[in-house]
Structures are given as structure tokens and as C-alpha cells.
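Undergrad:
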Amino acid sequence: MREIILISFLGPDQPNQFTRLMQVLSVHSLQILDVGQAVIHNQLTLGIVVASDDQTATALAMKDILILAHEIGLTVRFKPIAASDYDQWVKEGGRTRYIVTALAPELTASHLQAVTNIVSSQGFNIETVTRLSGRPNLDGSKDEPKRACVEFGLKGQMLDAAAMRAACLKLSSELNVDVAVQEDNAYRRNRRLVCFDMDSTLIEQEVIDELAVEAGVGAQVAEITERAMQGELDFQASFRARVALLKGMDASVLPKIAERLTVTEGAERLISTLKALGYRTAILSGGFQYFAEYLQAKLGIDEVHANILDVQDGMVTGEVKGHIVDGARKALLLRQIAEDMGISLEQAIAVGDGANDLPMLSIAGLGVAFRAKPLVRQNANQAISSVGLDGVLYLLGVHDKDLNRA
């Protein structure tokens with residue numbers, strides 16, 4: 001009769017424990033069906049599922065395991081598993097898995113309770129819990145970045161994706177915690193391209209508003225910009241109207257504006273990490289090529305696509321050259337870059353904040369609304385508002401400890 005047993009270990013983590021346990025199982029020729037281990041603050045939790053057709057060998061192995069566990073300071077438990085239960089477990093292994101990522105300046109027990117309540121309400125069971133952010137210093141150093149992230153690995157069937165998304169957005173607005181839900185598939189682990197909006201995403205300003213201030217038409221342009229970003233106005237029409245107001249401005253102000261642009265919190269860390277990991281990066285901006293190229297040089301972006309401000313005899317004409325980069329063109333450019341790279345759109349990430357970013361956010365495998373307008377947050381796959389732009393790394397499953405080693 002075939003016996004299947006779950007052997008669970010708990011106790012202090014020490015060198016060579018796993019090797020010595022495997023040696024015992026090897027001596028008695030037990031089959032390893034599954035194994036999993038976690039260590040938190042030098043405390044080990046280890047589970048091994050074994051099987052054998054030889055009851056005598058199983059009994060002897062359990063005896064030797066007990067002796068070894070006592071010797072190395074581990075508590076051990078044995079739990080028989082019915083073959084039917086094991087078969088059902090194997091079948092469930094083929095189901096879609098999900099990853100839920102919770103991130104905030106600081107994650108409290110209340111945050112995690114609220115997140116796991118949402119998870120439970122959708123019929124999921126939590127299989128793994130992993131902290132992706134670094135351990136906080138007890139002295140509360142002011143120089144320490146305020147970000148915390150915990151990743152939950154789930155199993156089960158999603159009951160209502162729309163309801164779960166709505167609950168996550170509600171939680172974000174109430175507790176200042178971002179919650180991202182992703183299918184855990186091969187594409188999630190193999191993203192290759194990240195496309196960014198520029199204004200209010202990679203930089204904190206809207207460049208056209210900065211230009212308008214220099215041209216003395218700040219109030220008029222700012223009003224049109226806000227209505228366009230909220231989705232109230234057609235982007236192309238509103239863009240041409242704003243640019244027309246800049247007619248006659250001296251182009252010598254462009255370098256001065258570029259130098260005072262503020263790079264968004266976490267952007268430099270994000271871009272440098274993406275480059276180190278081999279990602280291709282691009283700016284797809286409804287702003288202006290001059291400033292996109294300035295940012296490209298500053299951050300090391302691979303390519304940029306933005307609007308070309310027409311300048312004649314050192315003066316802005318109030319026109320743009322070539323195609324206007326609106327929402328539809330951003331999506332087209334993302335498709336073209338992915339095609340040129342020979343990758344699927346599922347391997348692409350898009351990050352933006354405005355209504356004209358929604359087309360590219362919707363076709364990318366991972367679309368992230370960053371500190372975005374309500375309309376964009378509600379329609380994007382994921383949203384980050386509580387931490388800096390480098391919070392995107394957590395959605396890729398990157399650990400702070402891995403970056404610290406780099």
C-alpha cells in the first residue's frame with residue numbers, strides 16, 4: 001500500500017539541515033513529491049511530502065527523522081495524506097495563479113488585514129507571503145525611503161474580477177495603500193519593455209504649462225490642460241489650442257525650463273534598475289521632443305517619441321511638426337516598438353497618468369496608472385499613488401535585497 005506523508009519542520013535555521021534531512025530520506029529510498037521552505041528571522045519552516053510503497057522503510061525513515069530533528073533542534077510533525085487528496089491537489093496545481101501586491105509608505109496590520117479580507121472574499125487561499133521591500137531600521141532614519149511592499153501568492157478561482165478591482169481602488173483611497181492584482185503567468189516574469197508618459201509621470205510638471213508661464217498665457221493653458229487630462233476634451237484639438245497660445249515666444253527659454261524640471265520620486269532608481277536588468281525603455285509623450293530628449297540624456301532612456309515644437313528664426317510659431325502624439329499614437333508606437341523587439345504586448349509595461357495614456361495602458365501586459373486622475377485609475381489595470389515611481393519594480397516581483405547586492 002502506497003503511503004503519502006507530509007513532514008513539517010519548525011525551529012532555528014542552521015547550516016546543512018536540509019542536506020542531512022535529504023540524506024535520511026535517501027537512505028530509505030523515499031520519493032519526494034513536494035518541498036517548500038521559508039526562513040523568517042532565522043526561524044525555519046520546512047515542509048516535505050514523501051511517498052513510499054514500503055511501509056517498513058517509511059517507519060524507519062520517520063524514526064530516523066525524529067532522531068535527527070531532536071539532534072538539530074527542530075520540531076517535527078507527520079501527517080498522512082490520502083491518495084485522493086493528493087490527486088486533487090495535483091489537479092489544482094494547473095489552475096491560474098494570482099499575485100497580489102500591497103505597497104504603501106508603511107504597511108500596518110490594518111492594511112494587511114484589509115487586503116487579505118478582499119482576497120478571502122474572492123475565494124482565494126494565500127499560499128505564500130513575501131516581503132519585497134527592505135527591512136526598516138528601528139531608529140527610523142529620516143534618510144530611509146518610505147516604502148513597504150508585501151506580495152501574496154494566491155490559489156483559487158477569481159469570483160468577480162470587477163468587484164475585486166473596485167474593492168482595491170476603494171481601499172487605496174481610504175487607507176493610502178496600493179493593491180495590484182496580477183495573473184501569475186510566464187509573461188509576468190518575462191517583461192522586456194517599459195514605455196513611460198513624461199509629463200506628471202517621469203517629471204512632476206506639465207511642460208506645456210511651464211512654457212505657457214514663460215509666454216504669459218499660463219492661466220489659459222493650464223485650464224485647457226487640466227480638462228484634457230481629465231478626459232473632458234479631445235487631446236489633439238486641445239493640444240493645438242494650447243500650442244497656438246505660445247506663438248511668438250522666444251525659444252531661448254527652452255533650456256532654462258528643461259533645467260528646472262523635477263524628476264519624479266523614484267524615477268532614477270527605476271530606470272537605472274530596468275537598464276541593469278536588461279529592459280528597453282521609451283518615452284511616449286504628448287509633450288515635446290526637446291524636453292523628452294533632455295530627459296533621455298539625464299536618465300538613460302533608450303528612445304523617445306514626442307511632439308516637435310516648430311521654431312522659426314528663434315521664435316515659437318505656435319505649430320507642431322509631424323504627427324501629434326495623442327493616445328492613439330502612443331498605443332501605435334508601443335505596438336511598433338514591441339514588434340521591432342520581437343516580443344508580445346504581454347511583455348510590455350506602460351506607465352502614465354492622463355486620459356491620453358489609457359490606450360497604451362490598456363494594450364500593455366502591465367498598465368500602471370501612476371498618481372493618476374480618477375478616470376485613469378478606474379480604467380487602468382493597476383494603479384500606484386502611495387509611493388514613488390520605483391514602486392513599479394515591486395509589481396515585477398523585484399526584491400530590494402537583490403538591488404542592494406547589485
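When you number the sequence shown by full-length UniProt numbering, it's gap-free, plus one each residue, and the end is 406.
From the three backbone atoms N, C-alpha and C, an ideal C-beta is built for every residue, glycine too.
Treat the numbers as computed from the prediction; the structure is a model and nothing was measured.
1) What residue does the alpha helix (DSSP H) around Gly327 start on, and which one ends it?
2) Is the beta carbon of Ser8 less than 8 Å from the beta carbon of Gly36?
3) Going by Cα to Cα distance, which pick from Lys247, Phe196, Thr201, Ile203 is closest to Val221?
4) Measure the C-alpha to C-alpha separation of Tyr187 and Glu346 and round it to an integer number of angstroms.
5) When the Cα atoms are used, what is the spatial distance from Thr262 to Val50?
6) Would you mind stating whether Asp178 and Ala267 have Cβ atoms separated by less than 8 Å?
7) For Gln236, which residues in the same chain have their Cβ closer than 7 Å to its Cβ, ignoring the five residues on either side in sequence?
8) Does the region 67-85 come close enough to the region 366-376 that 3 or more CB-CB pairs lie under 8 Å?
9) Can you grab the Cα-Cα spacing for the pair Val368 / Asn381, in whole Å?
10) Would you tell me roughly how many angstroms separate the C-alpha atoms of Asp53 and Gln23, rounded to the nearest one?
11) Just how far apart, CA to CA, sit Ala338 and Arg269?
12) Are the Cβ atoms of Leu25 and Ala61 separated by less than 8 Å?
13) Have a look at Ser84 and Leu33 and give me their C-alpha separation to the nearest angstrom.
14) Look at the alpha carbon of Pro12 and the alpha carbon of Asn42, and state the distance between them as a whole number of angstroms.
15) Beta carbon of residue 447, beta carbon of Cys195: below 8 Å?
16) Tell me which residues share the same chain as Asp160 and place their Cβ nearer than 8 Å to its Cβ, disregarding the 5 neighbours each side in the sequence.
17) Any contact of the region 385-394 with the region 206-213, i.e. 3+ C-beta pairs under 8 Å?
18) Count the other C-beta atoms from every protein chain shown that fall within 10 angstroms of the C-beta of Asp234, then say buried if there are 16 or more, exposed otherwise.
19) Can you have a look at Val207 and say buried or exposed, based on whether 16 or more other CB atoms are within 10 angstroms of its CB?
20) Please give me, in chain order, every unbroken run of the alpha helix (DSSP H) with length at least 4 that falls completely inside the region 152-226.
21) Near Ala406, which residues of its chain fall below 7 Å by C-beta distance, leaving aside the five closest residues on each side in sequence?
22) Output the boundary residues of the beta strand (DSSP E) element that contains Lys373.
23) Measure the CB-CB distance between Gly397 and Glu151 and report whether it falls below 8 Å.
24) Threshold first: 4 residues or longer. Then list the alpha helix (DSSP H) segments lying entirely within the region 56-119, N to C.
25) For the beta strand (DSSP E) containing Ser52, name the first residue and the last one.
26) Going by C-alpha to C-alpha distance, which of Thr317, Asp313, Tyr290 sits closest to Ala306?
27) Closest to Ala228 by CA distance: which of Met249, Pro136, Leu358, Val316 is it?
28) Is the CB-CB distance between Glu127 and Lys155 below 8 Å?
TA: Put simply:
1) Segment 327-341, the alpha helix (DSSP H) holding Gly327.
2) The answer is no: Cβ separation not under 8 Å.
3) Nearest option by C-alpha distance: Lys247.
4) In this structure, the straight-line span from the alpha carbon of Tyr187 to that of Glu346 is close to 6 Å.
5) CA-to-CA, the gap between Thr262 and Val50 works out to about 57 Å.
6) At a Cβ-Cβ threshold of 8 Å, Asp178 and Ala267 do not count as neighbours.
7) Closer than 7 Å at Cβ, skipping near neighbours: Ile324, Asp326.
8) Contact between the region 366-376 and the region 67-85 is absent: fewer than 3 CB-CB pairs across the two stretches fall below 8 Å.
9) Using only the alpha carbons, I get a separation of about 6 Å.
10) So the two alpha carbons sit approximately 19 Å from each other.
11) In a straight line, the C-alpha of Ala338 is about 23 Å away from that of Arg269.
12) Yes, Cβ-Cβ distance for Leu25 and Ala61 is below 8 Å.
13) C-alpha separation (whole angstroms): 15 Å.
14) Pro12 and Asn42 have their C-alpha atoms some 6 Å from each other.
15) No information on residue 447 is available, as it lies outside the stretch 1 to 406 that the chain covers here.
16) Residues Gln122 of the same chain have their beta carbon placed closer than 8 Å to that of Asp160, with the five preceding and five following residues left out of the count.
17) The way I'd put it, the region 385-394 doesn't touch the region 206-213; fewer than three beta-carbon pairs between them come closer than 8 Å.
18) Result: exposed.
19) Classification for Val207: buried.
20) For the alpha helix (DSSP H) assignment, the uninterrupted runs of no fewer than 4 residues enclosed by the region 152-226 are, from N- to C-terminal side, 161-175, 207-215.
21) Model confidence at Ala406 stands at a pLDDT of 46, short of 50, so the residue's coordinates are unreliable; what they give is reported in the following sentence. Closer than 7 Å at the Cβ level, and outside the excluded window around Ala406, lie Ala276.
22) Careful: Lys373 lies outside any beta strand (DSSP E) and carries neither H nor E.
23) It is a contact, given that the beta carbons lie within the stated cut-off.
24) List check, alpha helix (DSSP H) in window: 83-92.
25) Where Ser52 is concerned, the enclosing beta strand (DSSP E) stretches over 43-52.
26) Of the listed residues, the one whose Cα sits closest to Ala306 is Tyr290.
27) For Ala228, the nearest C-alpha among the options comes from Leu358.
28) Yes, these two residues count as a Cβ contact at 8 Å.
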